[in-house]
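Protein sequences, first through last, are from chains R and A. Per the working numbering, the first sequence starts with residue 962, numbered consecutively. Per the working numbering, the second sequence starts with residue -6, numbered consecutively. Note that beta-carbon positions come from the ideal geometry of N, C-alpha and C, so glycine has one too. Quantities reported herein were computed from a predicted structural model and do not represent experimental measurements.
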Amino acid sequence: ARGQRKIDEFFGKN
Amino acid sequence: MFEARLVSSSTFKKILDAVKDLLNEASFDCSESGIQLQAMDNSHVSLVSLMLRSDGFDKYRCDRSLTMGMNLANMAKIFKCANNDDTVTIKAQDDADTVTFMFEAKKQEKISDYEMKLMNLDQEHLGIPETDFSCVIRMPSPEFARICRDLSQFGESIVISCTKEGVKFSTGGDIGTANVKIAQTNNFDKEEESVTIEMQEPVTLTFACQYLNSFTKATPLAPQVQLSMSDNVPLVVEYQIPDLGHLRFYLAPKIED
Chain R
962 ARGQRKIDEF FGKN
Chain A
-6 MFEARLVSSS TFKKILDAVK DLLNEASFDC SESGIQLQAM DNSHVSLVSL MLRSDGFDKY
54 RCDRSLTMGM NLANMAKIFK CANNDDTVTI KAQDDADTVT FMFEAKKQEK ISDYEMKLMN
114 LDQEHLGIPE TDFSCVIRMP SPEFARICRD LSQFGESIVI SCTKEGVKFS TGGDIGTANV
174 KIAQTNNFDK EEESVTIEMQ EPVTLTFACQ YLNSFTKATP LAPQVQLSMS DNVPLVVEYQ
234 IPDLGHLRFY LAPKIED
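Put into structure tokens, the structure is as follows:
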């Protein structure tokens, strides 16, 4: 959807 | 050997109901401290984080940490076979490729067991940083579910705006606009019905209704829900599972047009 950010932009991979 | 026993299988039924819209499968990480699950939905917009502490179980034994990949729809099928007040025991051998769920009726008049094949899931774990949130809102979980349901009739997004006056949930669409304002309550007698707002800084963020509505499937788990927000970080929607742990949903915000 337009303007929807992704959660993995915020949390780095362990 | 892994073995975890919980007197009421209804807790697991509720957890599965709460996450099955978002997740098709998930890895359950079992260790001495308890059972943990962390998984993103297919679109990578939200993250589910479940923690069930070992001391919340009636019996818990985990000799060696293990990860059990499970298909949640199949797990839900198995739990449908249990009565709410059946005791559930989850068992797996070390390095096993199956897990067994045993359900016992209260008077031991019926004992059933279901063995399910485990899956090899290549799931990545995300590091969730500790955050001091600008706003933490606690409110009755059915009220939050009601607001999300009501507002999603009018728009695809909900703007949550928290100030010291209260919390405002807003949406808009072709029909028009809708606003619901919730104020902090002074009713300290009924904790379950109270609304509390801890605010350091006012925050306004926009979220997709579809995800908020999915999260509210967890409502039967807890009488209260906690919403934590800071500018430009994911919303945390948390349901405390009494004496056992918590179920948290993280939702990435939308960028407003």
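Give a yes or no on contact between the region 45 to 56 of chain A and the region 22 to 35 of chain A, applying the rule of three or more CB pairs nearer than 8 Å. Yes: at least three Cβ pairs fall under 8 Å.
In its own chain, which residues sit with a C-beta less than 6 Å from the C-beta of threonine 82 of chain A, not counting the 5 before and 5 after it? Arg(-2) and Met95
Alpha carbon to alpha carbon, what distance is there between leucine 220 of chain A and lysine 70 of chain A? 31 Å
Between which two residues does the alpha helix (DSSP H) carrying cysteine 202 of chain A extend? 202 to 208
Is DSSP giving asparagine 67 of chain A helix, strand or coil here? helix
Sorted by chain position, which residues of the same chain lie with C-beta nearer than 6 Å to valine 129 of chain A's C-beta, five sequence neighbours on each side aside? Within the same chain, valine 129 of chain A has close Cβ partners Glu191 and Ser221.
How big is the Cα-Cα spacing for leucine 9 of chain A and serine 2 of chain A? 11 Å
Quick check: the Cα distance between proline 246 of chain A and arginine 963 of chain R, rounded to an integer number of angstroms? Proline 246 of chain A and arginine 963 of chain R: Cα-Cα distance of roughly 11 Å.
Member of A:Ala11, A:Met68, A:Glu158 and A:Leu111 whose CA lies at the smallest distance from the CA of alanine 89 of chain A: A:Leu111
Counting Cβ pairs closer than 8 Å, one from the region 107 to 121 of chain A and one from the region 132 to 141 of chain A, do we hit at least three? no
If distances are taken between C-alpha atoms only, which option among A:Phe162, A:Glu102, A:His239 and A:Asp14 comes closest to phenylalanine 200 of chain A? A:Phe162
Partners in chain R for isoleucine 121 of chain A, counting only beta-carbon separations shorter than 7 Å: Phe972
Quick one: give me the first and last residue of the alpha helix (DSSP H) that isoleucine 153 of chain A is part of. Counting along the chain, isoleucine 153 of chain A falls outside any alpha helix (DSSP H), though it belongs to the beta strand (DSSP E) covering 150 to 156.
How many Å lie between serine 20 of chain A and glycine 169 of chain A at the Cα? 43 Å
Counting contacts by CB-CB distance shorter than 8 Å, is isoleucine 248 of chain A in contact with chain R? yes
Is glutamine 965 of chain R closer than 8 Å to valine 38 of chain A when the C-beta atoms are compared? yes
Which partner residues does histidine 239 of chain A have in the DSSP bridge list? Secondary-structure assignment with DSSP links histidine 239 of chain A through a beta bridge to A:Met44 and A:Gln233.
Residues from the region 190 to 221 of chain A in contact with chain R, defined by Cβ distance under 7 Å: Answer set for the region 190 to 221 of chain A: Ala201.
So, does the CB of glutamate 117 of chain A fall closer than 8 Å to a CB anywhere in chain R? Yes, glutamate 117 of chain A lies at the interface with chain R (some Cβ there is under 8 Å from its Cβ).
At which residues does the beta strand (DSSP E) containing serine 253 of chain A begin and terminate? Residue coverage of chain A in this structure runs from -6 to 250, which leaves residue 253 of chain A outside it and unanswerable.
Entirely within the region 93 to 170 of chain A and at least 3 residues each: give me those beta strand (DSSP E) ranges in chain order. 104 to 110, 128 to 133, 150 to 156 and 159 to 165
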